[in-house]
Amino acid sequence: MLYNIFLFKGKKIRDLEDLNIYSYPNEIISIKDKILVNKIIKEHDNEDSIQQSNLDQFLINEPIAQFYNDLNMYTCCINGEIIIGLIFDDEDNPYDYKEILKELLTELLNKGNGYSFDDEIEIDSLLISMFIDIRRFGDEVIEKPTEFDYYFQKETFFKVFLFGVDEVGKSSLVRRLKTGEFNDNFFTPTRKFNIEYIPIEEKGLLAVWDMPGQKSFRSKWLIGFQESNIIVYMIDIANQRRFDESRSEFWNVINKDELNEIPLLILGNKIDLVKFSSENYENQLLNLKKELSDIYKFEKIKKRKWNFLFTSVKTNLNIDSVIPAIFDLLSS
Ligand SMILES: Nc1nc2c(ncn2[C@@H]2O[C@H](COP(=O)(O)OP(=O)(O)OP(=O)(O)O)[C@@H](O)[C@H]2O)c(=O)[nH]1
Ligand SMILES: [Mg+2]
């Protein structure tokens with residue numbers, strides 16, 4: 001089974017002073033392991049980039065199996081200057097992964113639109129996408145029973161794309177679902193894709209991609225939503241000043257062709273901050289829902305199954321209904 005993926009990148013790959021190492025899910029190879037890093041790079045010494053540097057396509061070389069320091073690796077050089085490596089369990093045969101590795105790299109780098117290795121968020125996202133896909137492949141095709149087997153089978157693995165403008169409560173929700181906790185002072189604007197795995201008994205594994213909501217990160221949403229099984233959009237219903245902005249971001253994403261027919265769950269969060277009069281709470285909720293629906297033009301949502309829930313991550317209102325609502329939409 002694949003358990004780690006790493007990437008070496010520098011101005012010159014052989015110059016360790018200027019080399020960056022990215023990895024997912026955790027750091028196994030450190031820049032301090034100079035001997036190991038040098039050995040990995042050296043295997044790719046004969047591959048050069050010179051003839052390729054003018055092409056706008058990435059040159060993806062043949063992957064090479066390597067085994068050092070008990071690490072069973074499969075490494076592949078791109079443009080003679082970037083190395084991507086997979087680390088497997090000891091008994092795995094790296095060559096079993098040859099096709100998926102090359103196909104995936106071709107798909108992500110040369111068939112996608114304008115991938116940049118200068119952007120750390122894009123590098124992280126590349127590693128995460130590859131990790132998930134290769135892991136799925138490993139469990140499906142190579143069929144080694146593992147403790148993760150159940151979760152990583154395609155039918156039981158769901159990518160949840162969670163987005164919304166900043167400060168609506170996305171990361172708080174993920175934290176609540178994972179740990180049951182909420183903290184008013186837990187205010188950490190997300191700066192990268194925050195990916196949390198939430199196992200749901202007898203249903204499968206949700207990989208929740210919690211997107212950073214701040215304006216400067218929104219262009220990255222386009223990278224995050226690839227191959228999503230469900231979209232979750234969160235609104236801060238207490239912050240009316242931002243409804244226009246939030247609506248336009250919502251429709252920007254929902255109108256993407258790639259997301260056609262993908263089910264959608266809309267969460268109207270922070271209901272605890274809305275003032276209700278003492279009478280007829282249910283009616284007031286209905287009216288509020290209607291108001292939001294008019295503002296956001298929910299009636300224009302076509303050709304996909306969708307649902308709306310009011311929530312408060314703070315008071316826990318309806319939080320127990322979020323996962324069932326997701327599986328209900330997924331099952332259709
Ligand atoms: N009153 C109230 N506050 C909430 C609720 N949910 C989240 N918050 C607060 O809202 C603030 C922002 O929450 P985050 O979870 O960081 O928001 P986010 O959507 O992840 O923000 P970005 O990562 O910047 O996109 C925090 O101070 C939370 O404590 C809620 O239901 N009610
Ligand atoms: Mg966040």
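Residue numbers (the numbering used here): 1 to 332.
Ideal Cβ positions, reconstructed from N, Cα and C, are used throughout, including at glycine.
Below 8 Å on the Cβ atoms is my guess for residue i versus residue j; work out the distance and round it to an integer in Å.
i, j, result
"I326", "I223", "No, I326 and I223 are not in contact; Cβ-Cβ is about 22 Å, not under 8 Å."
"I78", "I60", "6 Å"
"L108", "Y97", "About 15 Å; that fails the 8 Å criterion."
Nearer than 8 Å: is that true of the beta carbon of residue i relative to any heavy atom of ligand 1?
i, result
"Q214", "yes"
"I223", "no"
"Q184", "For the record, residue 184 in the displayed sequence is Asp; it is not Gln. Yes, since a heavy atom of ligand 1 falls inside the 8 Å radius drawn around the Cβ of D184."
"E196", "no"
"E167", "yes"
"I271", "yes"
According to the neighbour-count rule (16 or more other Cβ atoms, all chains shown, within 10 Å of its Cβ), is residue i buried or exposed?
i, result
"T315", "exposed"
"I35", "exposed"
"F67", "exposed"
"R14", "exposed"
"P145", "With a pLDDT of only 41 at P145, under 50, the local geometry of the prediction cannot be trusted, and the value read off the model is given with reservation. Exposed, since its Cβ has fewer than 16 Cβ neighbours within 10 Å."
"W251", "exposed"
"N269", "buried"
"F276", "exposed"
"F6", "buried"
"N255", "exposed"
"P199", "exposed"
"N20", "exposed"
Could you check if residue i belongs to the surroundings of ligand 2, using beta carbon to heavy atom distance under 8 Å?
i, result
"P25", "no"
"D15", "no"
"K178", "no"
"T190", "yes"
"S171", "yes"
"D210", "yes"
According to DSSP, which residues form a beta bridge with residue i?
i, result
"Y115", "None, per the DSSP bridge assignment."
"M73", "Q66, I87"
"Y97", "Y97 is not bridged to any residue."
"F6", "S23, G85"
| field | Start-end ranges of the beta strand (DSSP E) lying completely within the stretch 271 to 316, minimum 3 residues | value | Whole beta strand (DSSP E) segments, 3+ residues: 306 to 310.
| message | Quick check on the DSSP output: what are the complete beta strand (DSSP E) runs of length 3 or more inside the stretch 163 to 224, in order along the chain? | response | As for any beta strand (DSSP E) of minimum length 3 sitting wholly inside the stretch 163 to 224, the runs are 194 to 200, 204 to 210, ordered along the chain.
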